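Each residue of the sequence shown is one higher than the last, beginning at 46 in my numbering. Built from N, CA and C at the ideal position, the CB exists for glycine as well. All figures in this text were calculated on a predicted structure; none of them were measured in a lab. Have a look at the structure below before the remarks.
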Amino acid sequence: MKYDGFIGEVQHRAQLDSREAALGTSRVTLTTLSERIDPGLAENLGAKLPEKLGRFREEVDDVERFAFDEFVDRVVEREDIGEVEPADAAFHAQVVVDVVDEAVTEGALQDVEDQPPDGEGYENLFEIADAEGSPT
């Protein structure tokens, strides 16, 4: 999937007002995810994304283990599209992960999903991508 298609899909599915909002949501989701997963997986996933998106993995210096609630809090704090409720930020992140799942080779996102969980809730991040008949 090309960059423009990726951003367009995120904008459409997350019902965001602009491509800039879709880019920002994609950036903060991918950066936050990169902070949580093993660097090799982050690099592997980023290498399969359009270059303009894959580079966000390079912004991460340290890997941390944190629960899904903390993941959502970080996305809320970083999203630059006005006030965002945690439920909206979680939905935006789910949409980005779903589009990533379609953009990368089969199994690449599964490796990320299989990372050892730290706290409950990460299955929620992959909920849309795991659903059969995910929107296209």
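When secondary structure is reduced to three states using DSSP, T76 falls in the helix class. Rounded to whole angstroms, the gap between the alpha carbons of E124 and S63 is 13 Å. Sequence-distant Cβ neighbours of M46 in its own chain, meaning closer than 6 Å and more than five residues away, are A148. Annotation: Q155 to V142 spans about 11 Å, alpha carbon to alpha carbon.
If you compare the alpha carbons of I52, E172 and L86 with that of F113, the shortest gap goes to E172. Between the alpha carbons of Q60 and E109 lies a gap of roughly 30 Å.
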